[in-house]
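Here's the structure we're looking at; comments come further down.
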Amino acid sequence: MSEFLGGWKRTNYCANFTKADAGREVTLMGWANVRRDLGALVFVQLRDRSGLMQVVFNSTILSKEDFDRACTIRSEFVLAIKGKLVLRTGEMVNANMATGELEVIVSEFKILSKSETPPFEISDDCRANELLRLKYRYLDLRRPSMQKNILMRHKIAFVAREYFDEQNFVEIETPILTKSTPEGARDYLVPSRVHPGKFYALPQSPQLFKQLLMLAGYDRYFQIARCFRDEDLRADRQPDFTQIDIEMSFVEAEDVQSVNEGFLKRLFKETLNVDIETPLPRLKYAEAMARYGSDKPDTRFGLELIDISDVVKSSEFSVFQNALASGGSVRAVNAKGASASFSRKELDAMGEFVKTYRAKGLIWMNDKADGLASPILKFLTEDEIAAIRKATNLEEGDVLFIVADANKTVFASLGALRLKLAEKLDLIPKDKYNLLWVTEFPQFEWSEEENRYMAMHHPFTSPMDDDLDRLESDPANVRAKAYDIVLNGVEIGGGSIRIHSMELQKRMFRALGFTDEQAEYRFGFLTDAFRYGPPPHGGMAYGLDRLAMIITGSTSIRDVIAFPKVQNASCPMTGAPDFVDDKQLAELHIACTEKEE
RNA sequence: GGCCCGGUAGUACAGUUGGUUAGUACGCCAGCCUGUCACGCUGGAGGUCAGGGGUUCGAGCCCCCUCCGGGUCGCCA
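As structure tokens, this is what we get:
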């Protein structure tokens, strides 16, 4: 039978004591972590979110009735204990425990709640599989490492609020039930009961609302905003996620970046005690791609891409010729000193790896002590090999990896290979936080599926001033006033200066293939608003989950989200999504034609 | 939608060429124990080998299908 508090008040958290507190009478409340029953003496580690404290039930101190009751305590029982905090001495000290020099001698206690044996051990040693952990997430969240993650996430959000408030930003909420906008991810839709056949959409981001807040004169806005995208999940992607969203008026890209560098500096100091040098490095998109094969380069290690198109342009090797003839390139990564790290089988496995990224193949040149080994030696002349050596600084002990293909494929495959090599060769320094801005993104991206240009960032992003006259004539070479913030190879945020001219916005819609009527239907409320004095404005948004993932050293954003979803976008704990009553469907004017078993 | 990896007591795993009653550790239950802290000792319970079908005298193991989880490509303005 659960007991009631009966007026007891907790005086302290379990682990918030020092030796100087010895002698105090305390009341602690928490969960029984471990029980060690010695017969006439029972030790329990009491756990709350601060940590552990050993509490002692002694048969010579407690009444027989109380001691017998203490013997029934099991893992995860909820206890309230009163007692005296005392020093442990000599052999009694546990050096492995933060509070190992202290313990509480229990004089009185209540069993506030009993617990069944949990399906897995509540401990950081527990290696239970993630599905089970997520089904019982409330137990998983009791584990110290999860508590640490969730508290760190809170810290990040708190620093954001504090910093942006100091910088005169205003936190404003925007709607969750809003209007579907095309041009982005797939929307989550919510049927309207009052308007048969009509739907709200959950926001992919507060983008248009924050722009309208600028027009409304709020000048500096921020919000810790839930966003929703109905796309497939990844280790760093959930269907509902959180952005730290900001927008500013009367600014250019540098102004937005500078305010955010202040935030990042503060954030890393207060969470990890890491000093970030500002201003942060800037890397133009084109250079990021050329050097790292990625628009979110991990700059903690080398292995940069080397363009050897010119070096091999007169080679008769058909793989090179075909790539160059169709407008592609030949690029290489030199894994210095890695020769001994690769067996023939492993080199071939790398070939399979790049095929994931649509590369037709991977050429390797292994410069071993007994000579250069490569499947393509017979296709190259001595001079060509010498030229490749020179261009890539290929020396004995190195392995060179070459991809010849369309540029997009070369960058994707070598960019990914670069990361894989760094991991295999252990080239990534831990405890290093490389932040940088990637700037001058292309305005447009050609979509094979849609057979038209699409906005790479979003349709409200301003082109660069110098490129405005190419908007219609040469869209492929228009750069945007868009920037991403990248941390250790992860895109943790991005933003842009927005279009604040109605005329330019309309040109943009046309360039994206919208008729004026379509643009009016989808975004009319925005262009209407732009008739009433929009200020120049821009902003950005951070992925709070990704930021928390890196700061806590996690490998998945699920580890920093209290109740995440699994790969098929369901929640193992609640069972969402699930069927609903026919009555509910009828009210929403929905006829369900297809049901899973 | 494609590709790769995985699913065996509550948990983590082992399980030989297809061959007796499917093991080990932790956890759990009971008993003993006044300084444990990975407590110890003694005893015990606990299995739809993910599900279905097939091959075989015989399947945890081989084959096929399905389900579930993870990673990833596509997708994610």
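The first sequence runs 57 to 653 under the working numbering.
Ideal Cβ placement from N, Cα and C applies to all residues, glycine included.
Residue range 538-543 is occupied by the beta strand (DSSP E) that includes VAL542. Judged by DSSP in its simplified three-state form, HIS210 adopts helix.
For the pair ILE300 and MET629, the Cα-to-Cα distance works out to about 27 angstroms. Distances from the CA of PHE497 to each of ARG526, SER248, ASN533, TYR244 were compared; the closest alpha carbon is that of ASN533. Burial check for THR571: the Cβ neighbour count within 10 Å stays below 16, so the residue is exposed.
Straight through space, the alpha carbons of ALA216 and GLU222 are spaced by roughly 10 angstroms.
DSSP places GLU547 within a strand segment (E or B) once states are collapsed to three. Every alpha helix (DSSP H) of 4 residues or more that sits fully in the segment 141-197 is shown, in chain order, as 186-191, 193-196.
Cβ-Cβ distances below 8 angstroms link MET208 to THR327, ALA604, ILE607, THR608, VAL616 in the same chain, with the five nearest sequence neighbours on each side left out; the list follows chain order.
According to the DSSP assignment, GLN299 belongs to the beta strand (DSSP E) that extends over 296-305. For the pair VAL542 and TYR219, the Cα-to-Cα distance works out to about 20 angstroms. Under the rule that a run must span 3 or more residues, no beta strand (DSSP E) segment is found entirely inside the segment 59-84. Separation of the CB atoms of LEU289 and ALA625 is rounded to 6 angstroms, and the pair is thereby assigned contact status at 8 angstroms. Each residue's CA atom was taken as its position, placing ASP540 and LEU481 some 28 angstroms apart. When SER518, LEU456, PHE165 are compared, the shortest CA-CA separation from GLY63 is found for PHE165. For MET109, the closest C-alpha among the options LEU118, LYS120, VAL90 is that of VAL90.
Nearest neighbour of ILE167 by Cα position, chosen from ASP180, ALA478, LEU84, turns out to be LEU84. ALA379 counts as buried, since no fewer than 16 other beta carbons sit within 10 angstroms of its beta carbon. Between the alpha carbons of PRO335 and LEU323 lies a gap of roughly 15 angstroms. In the structure shown, the three-state DSSP call for ALA281 is strand. Of the other Cβ atoms in all chains shown, 16 or more fall within 10 Å of the Cβ of GLY545; this residue is therefore buried. LEU158 is a Cβ neighbour of PHE73, given a cutoff of 7 angstroms. According to the DSSP assignment, THR327 belongs to the alpha helix (DSSP H) that extends over 309-328.
DSSP, read as helix, strand or coil, puts GLU121 in helix.
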